[in-house]
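Start counting the sequence shown at 486; every next residue gets the next number (my numbering).
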Amino acid sequence: MLTHGEIWAAIDALARENGMTASALARRAGLDPTTFNKSKRITREGKPRWPSTESVAKVLEATGSSLAQLLGHIDPSLRPMAIGNQDSTRTIPLIGSAQAGASGFFDDAGYPCGGAWDEIPFPGTGDPHAYALEVSGDSMEPLYRDGDTLIVSPQASVRRGDRVVVKTVEGEVMVKQLLRQTAKRIDLASLNPAHPDRSFATEDVVWIARVLWATQ
């Protein structure tokens, strides 16, 4: 799961890369120059204030950066593969969440295989096995809704608090939040409060992969 501090640090890093302060970046993006000020990152009640999706999109456009480059400032393993100074854009598998539990779509390591899927263009990340998972149903509401697309990286490091895709030996595929992972158990929190949390013995989980981003 992206943290408040990580996303702001990534925006600051993009500003530095382009020889700007956070205020100058906001101005170039067509935003109020104070939008990214340190004082604006916390509400009057002391709660973290996240940058809006629109603000992030304008920052990427203003700097000529890709989503993959922004993510690379959060997790270096996700930095885009580049040719010269340009990101290599490729297509990645688009797999429906209903399909994901069927055999033939993933190997034992959780990498897409077989080729019986649609594809979508996406800027290259450091993970050649990254794929998109299309949400179906309401089991992930209110965070993710039917039709949303999740970008998943099997090679990204997984930490407590991350949103992850998990496949069990029974063939069940689910998107949850990782609460705790030990040598013996994996504890998961449901994104929809109407659905129960889950806990599995480690040997009952085939693979676990990190959700990097969601297009909504």
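C-beta atoms are modelled at their ideal positions from N, C-alpha and C, and glycine is treated no differently.
{"Query": "Val-649 beta carbon less than 7 Å from that of Ile-577", "Result": "no"}
{"Query": "Cβ-Cβ separation, Tyr-629 to Leu-697 (assumed contact under 8 Å), whole Å", "Result": "Their Cβ separation, rounded to whole angstroms, is 13 Å, which puts Leu-697 and Tyr-629 out of contact at 8 Å."}
{"Query": "Ala-500 versus Ile-527: straight-line alpha-carbon distance, rounded", "Result": "20 Å"}
{"Query": "Span of the alpha helix (DSSP H) around Ser-540", "Result": "538 to 548"}
{"Query": "Cβ neighbours of Asp-497 in the same chain (closer than 7 Å, five flanking residues each side left out)", "Result": "Ala-507"}
{"Query": "C-beta neighbour in chain D for Ala-511, strict 7 Å", "Result": "Checking the listed chains, one finds no chain D in this structure; it contains a single protein chain."}
{"Query": "Paired residues, beta bridge with Pro-695 - DSSP", "Result": "What sits at residue 695 in the sequence shown is Arg, not Pro. DSSP, once it has assigned bridges, lists Ser-638, Val-649 as partnering Arg-695."}
{"Query": "Residue closest to Gln-666, alpha-carbon to alpha-carbon, out of Asp-689, Met-625, Leu-579", "Result": "Asp-689"}
{"Query": "Nearest neighbour of Pro-639, chosen from Leu-618, Glu-626, Asp-633, Met-625 [CA to CA]", "Result": "Leu-618"}
{"Query": "Outcome for Ala-668 when other beta-carbon atoms lying within 10 angstroms are tallied against a minimum of 16", "Result": "exposed"}
{"Query": "Own chain, CB closer than 7 Å to Val-654, minus 5 neighbours either side, in chain order", "Result": "Asp-689, Val-691"}
{"Query": "Beta-carbon gap between Val-544 and Ala-514 smaller than 7 Å", "Result": "yes"}
{"Query": "Beta-carbon separation (whole angstroms), Asp-633 vs Ala-699, contact threshold 8 Å", "Result": "6 Å"}
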